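Student: Residue numbers (the working numbering): 17 to 329.
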Ligand code: HSE
């Protein structure tokens, strides 16, 4: 007799968007933290969210107001399964408003879990537009620089967010990310709203040189070039004011040997890339010490670039 599938559990990882030089078009996944979503069949038609853990009552149970629920619902409508009885349990295992792609991880895990329980009607690439729609309800913008890596894994370049023309980039062996989350509240919506929509030609030339250099550095395993290229002349100078002690951390981290350091997504988390795990750990100690000295609670994550993205667990 065929085994009846009763439920699935999916993990989707945190992600670092922008990576200094690619505002809205570049991001990578890390191993931890991440969100878990469990989906079971139910006798009542339609998708319901029956449990949310780890969100301190701050996330909506209403499917169309919840990033994971909205993403999954739009995907169910697309495949004609919106009457299917499904119960979703969301276990937030990462902070939101942290710059670690929390809403994106929920959206990625949501579509992946529903797709799994229905016997995988879609590929990950086909699920991506629905996950992006889910994240859009959190910050109002349609961009895949968190959702793309969280769902697909790896370092992802989004040539166009409109068409989701997305490409996995080669990552050289040894590249490590160190990420610190200082417990300060920065909402992505607010962090986006302070940005000027004017950019000078000079800034454009510098930033395009840097993103091109960064990608060449990744493909050639040229860590010096990666380091020279990780300089954001457009977004970081505008957002740094939202994160207390940002430049103190950045200067100390570069002094400790990191290749580069900038704001993770919309902040307040700060990330650094290093050429090996030893430097990544030293960088982590420096980051922790500074925020702790300033009496700001913080959490540290050290990881290679996660190549798997959302997985069944
Ligand atoms: N690219 C986005 C931003 C990532 O920096 O606003 C956060 O959602």
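Virtual Cβ for every residue (Gly too), placed ideally from N, Cα, C. Here the structure is a predicted model, which is why all the values come from computation and not from measurement.
Tell me the residue span of the beta strand (DSSP E) that contains residue 221.
Tutor: Here residue 221 refers to the residue found at position 205 of the chain shown. Taken as a continuous stretch (DSSP letters only), residue 221 belongs to no beta strand (DSSP E), being part of the alpha helix (DSSP H) at 217-236.
Student: For a test of the three-state rule: what should DSSP assign to residue 33, helix, strand or coil?
Tutor: Position 17 of the chain shown, counted from the start, is the residue given in the question as residue 33. Three-state result, residue 33: strand.
Student: Taking DSSP as the reference, what is the three-state secondary structure of residue 264?
Tutor: Position 248 of the chain shown, counted from the first residue, corresponds to residue 264. Here residue 264 sits in helix by DSSP.
Student: Can we say the stretch 163-181 touches the stretch 237-252, given the rule of at least three CB pairs closer than 8 Å?
Tutor: Segments in contact, no.
Student: Please go through the stretch 133-167 and give each complete alpha helix (DSSP H) segment of 4 or more residues, from N-terminal end onward.
Tutor: Listed in chain order, they are 140-155.
Student: With DSSP as the reference, label residue 65 as helix, strand or coil.
Tutor: Residue numbering aside, residue 65 sits at position 49 when the chain shown is read from its first letter. Here residue 65 sits in strand by DSSP.
Student: Which word fits residue 314, buried or exposed, when buried means at least 16 other C-beta atoms lie within 10 angstroms of its C-beta?
Tutor: Start at 1 with the first residue of the chain shown, and residue 314 comes out as number 298. Its Cβ being crowded by 16 or more others within 10 Å, residue 314 is buried.
Student: Which first and last residues belong to the beta strand (DSSP E) in which residue 49 is found?
Tutor: The sequence position of residue 49 within the chain shown is 33, counting from 1. First-last of the beta strand (DSSP E) with residue 49: 42-57.
Student: Tell me whether residue 18 sits in a helix, a strand or coil according to DSSP, three-state version.
Tutor: As a working note, residue 18 is residue 2 in the chain shown. Since pLDDT at residue 18 reaches only 47, below the 50 mark, its modelled position is unreliable, and the value read off the structure follows with that caveat. Reduced to three states, the DSSP call for residue 18 is coil.
Student: When burial is assigned at 16 or more other CB atoms within 10 Å of the CB, is residue 266 buried or exposed?
Tutor: Numbered from 1 along the chain shown, position 250 holds the residue referred to as residue 266. It counts as buried.
Student: If we count the other Cβ atoms within 10 Å of its Cβ and call it buried at 16 or more, is residue 49 buried or exposed?
Tutor: The residue labelled residue 49 in the question sits at position 33 within the chain shown. Its Cβ being crowded by 16 or more others within 10 Å, residue 49 is buried.
Student: Under DSSP, the alpha helix (DSSP H) around residue 184 begins and ends at which residues?
Tutor: Locating residue 184 in the chain shown gives position 168, counting from the first residue. Counting along the chain, residue 184 falls outside any alpha helix (DSSP H), though it belongs to the beta strand (DSSP E) covering 181-185.
Student: Just verifying my parser: in three-state terms, what is the DSSP assignment at residue 204?
Tutor: Position 188 of the chain shown, counting from 1, holds the residue named residue 204. Three-state result, residue 204: helix.
Student: In the DSSP assignment, the beta strand (DSSP E) including residue 172 goes from what residue to what residue?
Tutor: Locating residue 172 in the chain shown gives position 156, counting from the first residue. Where residue 172 is concerned, the enclosing beta strand (DSSP E) stretches over 171-176.
Student: May I ask you to check if the CB of residue 304 is nearer than 6 Å to at least one heavy atom of the ligand HSE?
Tutor: Residue numbering aside, residue 304 sits at position 288 when the chain shown is read from its first letter. Flag unset: Cβ of residue 304 not near the ligand HSE.
Student: Does the distance from the CB of residue 153 to the CB of residue 284 come in under 7 Å?
Tutor: In the chain shown, counting from the first residue as 1, residue 153 sits at position 137. In the chain shown, counting from the first residue as 1, residue 284 sits at position 268. Contact: no.
Student: By a C-beta neighbour count over all protein chains shown, 10 Å radius and 16 as the cutoff for buried, is residue 81 buried or exposed?
Tutor: Numbered from its first residue, the chain shown carries residue 81 at position 65. Counting Cβ neighbours within 10 Å, residue 81 comes out exposed, since fewer than 16 surround it.
Student: In whole angstroms, what separates the C-alpha of residue 132 from that of residue 256?
Tutor: Reading the chain shown from its first residue, position 116 is the one you call residue 132. Reading the chain shown from its first residue, position 240 is the one you call residue 256. So the two alpha carbons sit approximately 40 Å from each other.
Student: Could you please give the first and the last residue of the uninterrupted beta strand (DSSP E) stretch that includes residue 290?
Tutor: Residue 290 sits at position 274 when you count from the first residue of the chain shown. Residue 290 -> beta strand (DSSP E) spans 286-290.
Student: Have a look at the DSSP bridge pairing and note the partners of residue 310.
Tutor: For the purposes of this step, residue 310 is taken as the residue at position 294 of the chain shown. Answer by DSSP bridge pairing: none, since residue 310 is not bridged.
Student: For the candidate residues 91, 208, 179 and 159, whose alpha-carbon lies nearest to that of residue 138?
Tutor: Here residue 138 is taken as the residue at index 122 of the chain shown, counted from 1. Cα-wise, what sits closest to residue 138 is 91.
Student: Label residue 300 either buried or exposed according to how many other C-beta atoms from any shown protein chain fall within 10 Å of its C-beta, with 16 as the threshold for buried.
Tutor: Translated into positions along the chain shown, residue 300 becomes position 284. The residue in question, residue 300, is buried, as its Cβ has 16 or more Cβ neighbours within 10 Å.
Student: So the alpha helix (DSSP H) residue 253 belongs to, where does it begin and stop?
Tutor: Within the chain shown, numbered from 1, the residue matching residue 253 stands at position 237. That run of the alpha helix (DSSP H) goes 252-255.
Student: Residue 144 to residue 129, Cα distance in whole Å?
Tutor: Position 128 of the chain shown, counting from 1, holds the residue named residue 144. Position 113 of the chain shown, counting from 1, holds the residue named residue 129. Residue 144 and residue 129: Cα-Cα distance of roughly 13 Å.
Student: In the DSSP assignment, find the unbroken beta strand (DSSP E) run with residue 103 in it and report its ends.
Tutor: Indexing the chain shown from 1 puts residue 103 at position 87. Residues 102-107.
Student: Any idea what DSSP makes of residue 116, helix, strand or coil?
Tutor: As a first step, residue 116 must be located in the chain shown, where it is residue number 100. Looking at residue 116 - three-state DSSP - the assignment turns out to be coil, as it is neither helix nor strand.
Student: For residue 194, write down the residues that DSSP places opposite it in a beta bridge.
Tutor: Here residue 194 corresponds to residue number 178 of the chain shown, with the count starting at 1. Looking at the DSSP assignment, residue 194 forms a beta bridge with 288 and 318.
Student: By DSSP's criteria, residue 28 is part of a beta bridge. Which residues make up the other side?
Tutor: For this step, residue 28 is matched to residue 12 along the chain shown. DSSP output for residue 28 lists 51 as bridge partner(s).
Student: According to DSSP, simplified to helix, strand and coil, what is residue 92?
Tutor: Indexing the chain shown from 1 puts residue 92 at position 76. Helix, per DSSP.
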